[in-house]
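Participant: Protein chains in written order, with the numbering used here: chain L, 1 to 108; chain V, 1001 to 1112.
Ideal Cβ placement from N, Cα and C applies to all residues, glycine included.
The structure displayed is predicted, hence computed values, not measured ones.
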């Protein structure tokens, strides 16, 4: 595919469950960003990778959030013990100009 | 990154030009002006960026004032599919020098 893909597109979790969100960036792109977008708000930065190195994780809201990109391509954002305030759309961007469609997470 | 100020919403008639303003009075000399838009239920889409000269591409034109404290994104012939939230962002360009700081943007409604 030519663009950034994310899966699943929609995820419903019960409070306390762990979730894993996947991002497939554009092949060969070095940088990868994760953003969180609450309803009615603009996206907010979570974390940034350059290849497999996580160079900035200053936006992760708590230690329940963890991201990895072990081989410098696919990335996974993991949220442990989900809370209702984690409900949002999680966006992945490849080289800051190319965004995926997002994963809408709803925590009940 | 410098902050930007945009009107929360605007309307535009289909076929007319949409002019979206953005104020960035604290922009630094090495910061570019970027525009993105986000159509409902989609990820943000890059539109255009510029430093100090006016820029044009197949999607839009970007007009930056001489003092660089404000800019205008112009969609020359708006269509219904241009209805979206438009974000103006200022940042250092090149490589991956930091994240994008989105505000709330301008919700543009194109009406028939």
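Put residue 1062/V into one of helix, strand or coil per three-state DSSP.
Facilitator: If DSSP states are grouped into helix, strand and coil, residue 1062/V belongs with the strands.
Participant: Quick one: is residue 28/L near chain V, going by C-beta distance under 8 Å?
Facilitator: No, residue 28/L does not count as interfacial toward chain V.
Participant: Under 9 Å Cβ-Cβ, which residues of chain L neighbour residue 1122/V?
Facilitator: The structure shown has nothing for residue 1122/V, since chain V only spans 1001 to 1112.
Participant: Going along the segment 1097 to 1111 of chain V in order, which residues come within less than 8 Å of chain L, judged by CB to CB distance?
Facilitator: Cβ contacts with chain L: 1098, 1099, 1100, 1101, 1102, 1103, 1104 and 1105.
Participant: Whose C-beta lies closer than 6 Å to the C-beta of residue 74/L among residues of the same chain, with five residues either side of it excluded?
Facilitator: The residues are 24.
Participant: Can you find a CB in chain L that lies within less than 8 Å of the CB of residue 1086/V?
Facilitator: So, not an interface residue.
Participant: Is any beta-carbon of chain V found at less than 8 Å from that of residue 43/L?
Facilitator: Interface residue, yes.
Participant: Spell out whether any CB of chain L is found under 8 Å from the CB atom of residue 1046/V.
Facilitator: Closer than 8 Å to some Cβ of chain L, the Cβ of residue 1046/V qualifies, so yes.
Participant: Listing by chain order, which chain V residues have their CB less than 9 Å from the CB of residue 10/L?
Facilitator: Here the premise fails: no neighbours, minimum Cβ distance about 11 Å.
Participant: Looking only at its chain, what residues have a beta carbon closer than 8 Å to the beta carbon of residue 5/L, apart from the 5 residues adjacent to it on each side?
Facilitator: Excluding residues within five positions, the ones whose Cβ falls inside 8 Å are 23, 24, 100 and 101.
Participant: Could you tell me whether any Cβ in chain V is nearer than 8 Å to the Cβ of residue 48/L?
Facilitator: Cβ-Cβ to chain V under 8 Å: yes for residue 48/L.
Participant: Where does residue 1081/V sit, in a helix, a strand or coil, going by DSSP?
Facilitator: In the structure shown, residue 1081/V sits in a helix (DSSP, three-state: H, G or I).
Participant: List the residues of chain V whose Cβ lies closer than 8 Å to the Cβ of residue 65/L, in chain order.
Facilitator: Within 8 Å Cβ-Cβ: nothing; residue 65/L doesn't reach chain V, min ~15 Å.
Participant: For residue 1008/V, does the count of other Cβ atoms within 10 angstroms reach 16, so buried, or fall short, so exposed?
Facilitator: Counting Cβ neighbours within 10 Å, residue 1008/V comes out exposed, since fewer than 16 surround it.
Participant: Determine, using beta carbons only, whether residue 21/L comes closer than 8 Å to chain V.
Facilitator: Chain V, which has no Cβ nearer than 8 Å to the Cβ of residue 21/L, makes this no.
Participant: Give me the Cα-Cα distance between residue 147/L and residue 1035/V, rounded to the nearest whole angstrom.
Facilitator: This structure cannot settle anything about residue 147/L, because the visible part of chain L is limited to 1 through 108.
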